[in-house]
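The working numbering numbers the first residue of the sequence shown as 9 and each following residue consecutively.
To start, the structure itself, in structure tokens.
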Amino acid sequence: MFEVERSKIKIYGVFLFALFLLVIGTMASVLIGATHTGVGTFISALFNPDGSKEQVVIRTLRLPRAVLAIIVGANLAVAGALMQALTRNPLASPQVFGVNAGASLIVVSSLVLFPAMSASTTVYFALLGALLGGIVVYSFASGGGITDVKLALAGMAVHLFLSSLTQAFIVMSEQAKDVLYWLVGAIDGKDWSHVQIILPWAIVGLIAAILCAKSISIFVLGESVAQGLGLKVKGIRILVSLIVVILAGSSVAVAGPIGFVGLIVPHIVRKIFGSGNYTIILPFSALFGAVLMVYADVLSRFIAYPFESPVGIVTALIGAPFFLYLATKRKGAKS
9 MFEVERSKIK IYGVFLFALF LLVIGTMASV LIGATHTGVG TFISALFNPD GSKEQVVIRT
69 LRLPRAVLAI IVGANLAVAG ALMQALTRNP LASPQVFGVN AGASLIVVSS LVLFPAMSAS
129 TTVYFALLGA LLGGIVVYSF ASGGGITDVK LALAGMAVHL FLSSLTQAFI VMSEQAKDVL
189 YWLVGAIDGK DWSHVQIILP WAIVGLIAAI LCAKSISIFV LGESVAQGLG LKVKGIRILV
249 SLIVVILAGS SVAVAGPIGF VGLIVPHIVR KIFGSGNYTI ILPFSALFGA VLMVYADVLS
309 RFIAYPFESP VGIVTALIGA PFFLYLATKR KGAKS
């Protein structure tokens, strides 16, 4: 009984702390930038707009940018948690698994072939590319049984190959040169139209993920155990894969291939709560992913201040050493 109460206190405490960080980070995202604004200006922009330059900046640029950071961070973190559960591999993520690179390739090629394509249509191409990228990596890694090393090697090989094809499109086409900044992963310059594009996909994907949480908790016990408990393993694998494609693909379509969020956040959450209960891991992955993305976006503004820098630079600076640490730690554990 005491253990249950202590567990609940821990959950509520971590939730309130993460929520506090998210609120502070969102405020910083709205207030920090080349144009000086204060808390009073922010409150006035929300409840008493007067059309001033500062309020226009807040309402049309910074606020949608902060909201987009929250949505993209939650999407990528939950997608990463699902992929790690699906493969039972802690090194899996939308970037390592080729999902981001596949989505980027199809988006860039579609922009070259259909330059008049609307932003809302781009999402469908991104979803297709994300699906294809994941299938290719899984096909290469599954021969003879999936291992951590095979998955990482296949994922990075496919990622580099698809990224090379994307760069080739950019070199050969004038229309594609404008996406270079987007390819690093960027949410600056976005407005409410971009939020409207990603929001329906995020709602569907996140709700579906939460509804599948109990089944995923059973799935990670092993296929034989899951089947013995009556779980339709093949069905849950397909469903989870589709959810990953929706979450990661829609994020790439709007913000570009932002890396490492789906790798870092699930590890942090499992370190806090353990690795078995995905009814806790998935919601907290969404929350911590939003926190990470908001703060990474704030930090990106100081790289070349007062000019903007892609948020993907910050996530890469944090995530690359983290990936190497995980790979080294797992190698040491096995040897």
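Built from N, CA and C at the ideal position, the CB exists for glycine as well.
Can you find the residues in the same chain that come closer than 7 Å, C-beta to C-beta, to residue i, ignoring five residues on each side of it along the sequence?
{"i": "residue 33", "result": "299, 302, 303 and 306"}
{"i": "residue 247", "result": "220"}
{"i": "residue 192", "result": "264, 318, 320 and 321"}
{"i": "residue 2", "result": "The shown model of the chain, from 9 to 343, leaves out residue 2, and the question about it has no answer."}
Which two residues bound the contiguous alpha helix (DSSP H) that contains residue i?
{"i": "residue 61", "result": "61-65"}
{"i": "residue 115", "result": "107-121"}
{"i": "residue 88", "result": "71-95"}
{"i": "residue 233", "result": "231-236"}
{"i": "residue 47", "result": "47-55"}
{"i": "residue 222", "result": "221-227"}
{"i": "residue 43", "result": "Where residue 43 is concerned, there is no enclosing alpha helix (DSSP H), given that its DSSP letter is neither H nor E."}
{"i": "residue 136", "result": "127-150"}
Buried or exposed: which applies to residue i, given that a residue is buried once 16 or more other Cβ atoms fall within 10 Å of its Cβ?
{"i": "residue 204", "result": "exposed"}
{"i": "residue 112", "result": "buried"}
{"i": "residue 211", "result": "exposed"}
{"i": "residue 343", "result": "At residue 343, the pLDDT of 49 sits below 50, so the modelled position is not reliable; the number obtained from the coordinates is stated separately. So residue 343 ends up on the exposed side."}
{"i": "residue 198", "result": "buried"}
{"i": "residue 44", "result": "exposed"}
{"i": "residue 6", "result": "Outside the shown range of the chain, which is 9 to 343, sits residue 6, and nothing can be said about it."}
{"i": "residue 14", "result": "exposed"}
{"i": "residue 56", "result": "exposed"}
{"i": "residue 91", "result": "buried"}
{"i": "residue 146", "result": "buried"}
{"i": "residue 282", "result": "exposed"}
{"i": "residue 28", "result": "exposed"}
{"i": "residue 208", "result": "exposed"}
{"i": "residue 215", "result": "exposed"}
{"i": "residue 332", "result": "exposed"}
{"i": "residue 65", "result": "buried"}
{"i": "residue 233", "result": "exposed"}
{"i": "residue 25", "result": "exposed"}
{"i": "residue 17", "result": "exposed"}
{"i": "residue 174", "result": "buried"}
{"i": "residue 105", "result": "buried"}
{"i": "residue 315", "result": "exposed"}
{"i": "residue 107", "result": "buried"}
{"i": "residue 329", "result": "exposed"}
Leaving aside the five residues before and after residue i along the sequence, list all residues of the same chain whose C-beta is less than 8 Å from its C-beta, in chain order.
{"i": "residue 20", "result": "none"}
{"i": "residue 35", "result": "47 and 50"}
{"i": "residue 72", "result": "198, 199, 200, 202 and 203"}
{"i": "residue 68", "result": "199 and 200"}
{"i": "residue 52", "result": "58 and 63"}
{"i": "residue 37", "result": "70, 73, 74, 77, 302, 305 and 306"}
{"i": "residue 30", "result": "78, 295, 298, 299 and 302"}
{"i": "residue 225", "result": "284, 285, 286 and 287"}
Name, in chain order, the residues that DSSP records as bridge partners for residue i.
{"i": "residue 315", "result": "312"}
Enumerate in chain order the residues of its own chain whose CB-to-CB distance from residue i is below 6 Å, with the five nearest sequence positions on each side excluded.
{"i": "residue 244", "result": "223 and 227"}
{"i": "residue 103", "result": "267"}
{"i": "residue 114", "result": "133, 136 and 137"}
{"i": "residue 39", "result": "45"}
{"i": "residue 288", "result": "281"}
{"i": "residue 139", "result": "253"}
{"i": "residue 87", "result": "102, 252, 255, 256 and 270"}
Exercise for review: May I have a chain-ordered list of the alpha helix (DSSP H) segments no shorter than 4 residues that lie completely inside the stretch 169-215?
Suggested key: Runs of the alpha helix (DSSP H) inside the stretch 169-215: 188-192.
Check your understanding: Mind pulling the alpha helix (DSSP H) runs of 4 or more residues that sit fully within the stretch 250-297?
Key -> Those alpha helix (DSSP H) runs which fall completely within the stretch 250-297 and span 4+ residues are 269-281.
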